[in-house]
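**Student:** Chains as they are written, first to last, in our numbering: chain A, 1 to 300; chain B, 301 to 580. Built from N, CA and C at the ideal position, the CB exists for glycine as well. If you scroll down you'll find the structure; I have some questions about it.
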Amino acid sequence: MENKRSRNFSKWRRKGTPYLMLAPIMAFFVVFMFGPIIYALWMSFWRWSLVGGGIRFLGFGNYMNAISQPRFIRSLVNSSYYVVASVVFAIPISLAIAMALNGIISRRLRTVFTVLYFLPVVTSMVAASIVWRHMYHPGAGVINFFLGKLGLPAQGWTADPGQAMLAIIIMAIWKNLGFNVVIFLAALQGIPSIFHEAARIDGASKWAVFRRITFPLLQPASLFILVTSVIWGFQIFAPIFLMTEGGPGDSSYVLGYYIYEEAFDFDRMGYAAALAFVMFAILIIVTIFQLRVMAKKWKY
Amino acid sequence: MLSKRGKKPAEIVKKSFYYLLLSIGSLIMVIPFFWMILSSFKLSTEVLSIPMIFFPRKFILDNYQFVFDFLNMGRYYINTSIYAIGVVFLIIISSTWGGYIFAKQEFKGRDLFFIIILSSMMVPFMVRLLPLFLLTVRFRWVNTYQGLILPAAVDAFGIFLMRQFMQEIPSSLVDAARIDGASEVRIYSSIVLPLCKPAMGALGILYFVWTWDSFYWPLIILSSNSMMTLPVGIAKLALHHSPLYGPEMAATTLAVVPMVIVFLLFQKSFIKGITLTGLK
């Protein structure tokens with residue numbers, strides 16, 4: 001009797017231990033992650049201000065209101081532009097650099113180059129934004145100076161409504177390129193050289209080797225870069241905050257900046273929460289789509 | 301030398317093309333740094349003079365003097381260090397603990413819990429920003445170190461990274477200790493942790509730099525100048541109503557240089573940390 005009880009106890013203890021160990025971590029996630037997410041969803045149905053006005057239930061009012069705001073549409077378009085451009089330009093450039101790095105023989109030079117490409121990644125976005133703001137200066141900036149040296153006309157960059165987003169995208173590509181390069185390089189170095197040699201012996205062209213061997217084997221790395229680029233891209237904030245403040249006009253508003261402004265400058269917390277949920281919904285759809293499509297292609 | 305190895309001319313052309321491409325590319329990568337450092341020694345009028353001048357006419361230290369005298373730069377360094385070290389310390393403990401659970405414990409629902417935790421990586425910070433802000437107000441943590449550090453104490457990415465690494469540790473080691481009657485805490489601290497030192501180093505460096513550079517959360521919950529971190533402090537300077545170009549460049553240089561040094565020193569484990577994640 002006594003024996004059975006203690007056996008039961010030790011069995012219970014053995015089975016229960018992992019849950020007990022997990023409890024503090026899950027508690028943290030509930031308090032700082034999942035709790036706030038649900039609370040934000042709740043907030044998004046209210047008119048919610050901290051200083052004056054109090055709260056009032058609106059149902060889907062905040063969401064309806066967002067759709068009718070030109071500034072919201074502008075932010076959505078700009079955020080999408082930013083994400084698409086940073087994927088379409090940054091991934092091929094970083095792959096090309098990684099392949100060149102993989103192609104050179106001197107290991108020491110490869111390290112030196114990798115470090116140089118990686119320097120902007122360890123630089124804070126705030127510092128980068130401040131420096132690039134001056135570099136983009138139409139009259140006195142170093143970028144127009146070099147364009148002039150190359151015989152090209154000076155550009156307005158952040159002062160030009162048509163170019164402000166482009167200027168921010170170029171800066172962000174510079175800032176994040178090294179991250180992608182390092183991941184692609186590691187993936188390239190993980191491909192056994194025997195694959196390429198075998199294809200070479202079989203008489204495959206260079207392009208065929210890239211298309212049929214290198215590129216498919218880079219799928220996991222590409223997927224990782226794609227997913228992280230989209231998730232981070234939608235949250236871009238510091239360069240807008242410091243370089244353009246959404247301007248000139250509304251030309252460089254992005255979701256991250258719009259949310260910040262609505263919440264902390266205009267005290268429209270409920271509305272800002274609704275905006276954040278729109279961003280979240282888009283991210284979920286895009287990410288699941290990426291994982292589905294890419295993961296399918298993966299099984300060649 | 302080259303002919304001895306039997307290189308074809310085409311091969312040499314290809315390799316020199318690589319070097320050319322890489323050199324031009326890396327030049328573009330470092331120009332902003334040169335510009336920043338050179339400008340930090342210029343008079344404010346020189347930073348934005350038309351036509352542009354690349355090198356200062358005279359190297360002056362006034363900008364550095366200014367940021368230390370009027371900006372509380374020393375205090376920003378201390379605050380940023382406390383913030384970064386605090387986060388790294390908690391992240392290393394929580395990530396290794398979580399990694400150990402998900403790599404070496406068998407229990408019902410393990411994969412489900414793991415997926416729930418991983419899915420949080422997809423959540424934009426802005427979604428939980430407002431409730432988190434209200435929570436810090438409620439706890440009276442606004443403008444405090446705990447308000448800065450605690451929300452970042454556990455992170456799915458760190459748990460994921462450590463789990464990846466710990467799966468490589470042979471389970472027989474852990475099982476043997478269990479049979480000998482060692483407690484889970486004991487196994488974690490005296491068997492698993494010592495084996496994870498390289499991964500902990502990589503994890504720590506990654507989070508140190510990320511935290512040092514992080515901006516959004518500190519911007520929102522820090523209100524007094526004496527609590528500000530470097531990114532928040534220099535952002536306030538940059539948004540000052542009358543522009544102070546020279547000091548801005550000195551302040552950004554001072555904020556960037558420590559991370560560049562940290563990166564150069566720990567370059568290997570830094571890059572290992574990043575590549576550990578994307579490829580498995």
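Count the other C-beta atoms from every protein chain shown that fall within 10 angstroms of the C-beta of B/Pro494, then say buried if there are 16 or more, exposed otherwise.
**Tutor:** Answer is exposed; the Cβ neighbour count stays below 16.
**Student:** Leaving out five residues before and five after B/Gly386 in sequence, what residues of the same chain have Cβ atoms less than 6 angstroms from its Cβ?
**Tutor:** Closer than 6 angstroms at Cβ, skipping near neighbours: Ile449.
**Student:** Can you find the residues in the same chain that come closer than 7 angstroms, C-beta to C-beta, to A/Asn180, ignoring five residues on each side of it along the sequence?
**Tutor:** Closer than 7 angstroms at Cβ, skipping near neighbours: Ala90, Ile91, Ser94, Ile225.
**Student:** Given A/Tyr63, which residues of its chain have a CB within under 6 angstroms of its CB, disregarding the five upstream and five downstream residues?
**Tutor:** Cβ neighbours of A/Tyr63 beyond the five flanking positions: Ala274.
**Student:** On the DSSP letters alone, give me the boundaries of the alpha helix (DSSP H) that B/Phe407 sits inside.
**Tutor:** It is not in any alpha helix (DSSP H) - B/Phe407 carries neither H nor E in the DSSP assignment.
**Student:** Which residues bound the beta strand (DSSP E) around A/Phe32?
**Tutor:** It is not in any beta strand (DSSP E) - A/Phe32 carries neither H nor E in the DSSP assignment.
**Student:** Based on DSSP bridge pairs, tell me the residues matched to A/Arg56.
**Tutor:** A/Arg56 pairs with A/Arg47.
**Student:** Determine the closest residue to B/Leu320 out of A/Ala96, A/Ile169, A/Phe146, A/Val77, with distance taken between C-alpha atoms.
**Tutor:** Measuring from the Cα of B/Leu320, the nearest candidate turns out to be A/Ala96.
**Student:** Using only CA atoms, which one of A/Ile105, A/Ile170, A/Val126 lies nearest to A/Tyr136?
**Tutor:** For the residues A/Ile105, A/Ile170, A/Val126, the minimum Cα distance to A/Tyr136 belongs to A/Ile170.
**Student:** Is B/Arg375 close to chain A, meaning its C-beta is less than 8 angstroms from at least one C-beta of that chain?
**Tutor:** So, not an interface residue.
**Student:** If the criterion is Cβ atoms closer than 8 angstroms, does the pair B/Gly458 and B/Tyr400 meet it?
**Tutor:** Not a contact, by the Cβ cut-off of 8 angstroms.
**Student:** Excluding five sequence neighbours on each side, which residues of the same chain lie with their C-beta closer than 7 angstroms to the C-beta of B/Lys359?
**Tutor:** For clarity, residue 359 of chain B is Phe in the given sequence; the question names Lys instead. Phe341, listed in sequence order.
**Student:** When the Cα atoms are used, what is the spatial distance from B/Val442 to A/Glu261?
**Tutor:** Cα to Cα, the separation comes out at about 19 angstroms.
**Student:** Output needed for B/Met373: all residues of its chain with C-beta closer than 6 angstroms, excluding positions within five of it in sequence on either side, in chain order.
**Tutor:** Answer for B/Met373: Val367, listed in chain order.
**Student:** Please list, in chain order, the residues of the region 115-127 of chain A that have any C-beta partner in chain B closer than 9 angstroms.
**Tutor:** If the cut-off is 9 angstroms between Cβ atoms, the region 115-127 of chain A has Val115, Leu116, Tyr117, Phe118, Leu119, Pro120, Val121, Val122, Thr123, Ser124, Met125, Val126, Ala127 near chain B.
**Student:** Evaluate the contact criterion for the region 115-133 of chain A versus the region 239-246 of chain A: three or more CB pairs, one atom per stretch, below 8 angstroms.
**Tutor:** Output reads yes: the region 239-246 of chain A touches the region 115-133 of chain A.
**Student:** Just reading off the alpha helix (DSSP H) that A/Tyr253 is part of, what are its end residues?
**Tutor:** Note, A/Tyr253: premise wrong, no alpha helix (DSSP H); not H, not E.
**Student:** Residues in the same chain with beta-carbon distance under 8 angstroms from B/Met336, minus the five sequence neighbours each way, listed in chain order, please.
**Tutor:** Taken in chain order, the residues that qualify are Met549, Thr552, Thr553, Val556.
**Student:** For A/Ile37, return the contacting residues in chain B, with the cut-off set at a CB-CB distance below 7 angstroms.
**Tutor:** The contacting residues are Val423, Val427, Arg428.
**Student:** Using C-beta distances below 7 angstroms, list every residue in its chain close to A/Leu41, excluding the 5 sequence neighbours before and after it, in chain order.
**Tutor:** Answer for A/Leu41: Phe277, listed in chain order.
**Student:** I want to know whether the region 524-532 of chain B touches the region 540-547 of chain B - three or more CB-CB distances under 8 angstroms.
**Tutor:** Counting Cβ pairs under 8 angstroms, fewer than three are found: no touch.
**Student:** Give the residues of chain B in contact with A/Ala40, contact being defined as C-beta atoms less than 7 angstroms apart.
**Tutor:** Neighbours of A/Ala40 on chain B, chain order: Val427, Arg428, Leu430, Pro431.
**Student:** Would you give the residue range spanned by the alpha helix (DSSP H) that B/Val367 belongs to?
**Tutor:** Residues 362-370.
**Student:** Which residues in the same chain have their Cβ closer than 7 angstroms to the Cβ of A/Val182, if we skip the five residues on either side of it in sequence?
**Tutor:** Only Thr114, Phe118 meet the Cβ criterion.
**Student:** At 3 residues or longer, what runs of the beta strand (DSSP E) sit wholly inside the region 80-154 of chain A?
**Tutor:** Those beta strand (DSSP E) runs which fall completely within the region 80-154 of chain A and span 3+ residues do not exist here.
**Student:** What do you get for A/Tyr300, buried or exposed, if any count of 16 or more other CB atoms within 10 angstroms of its CB means buried?
**Tutor:** Unreliable placement is indicated for A/Tyr300, whose pLDDT of 42 sits below 50; the coordinate value is still reported in the next sentence. A/Tyr300 comes out exposed.
**Student:** Hey, would you say A/Tyr19 sits closer than 8 angstroms to B/Phe570, going by beta carbons?
**Tutor:** Going by C-beta atoms, A/Tyr19 is not nearer than 8 angstroms to B/Phe570.
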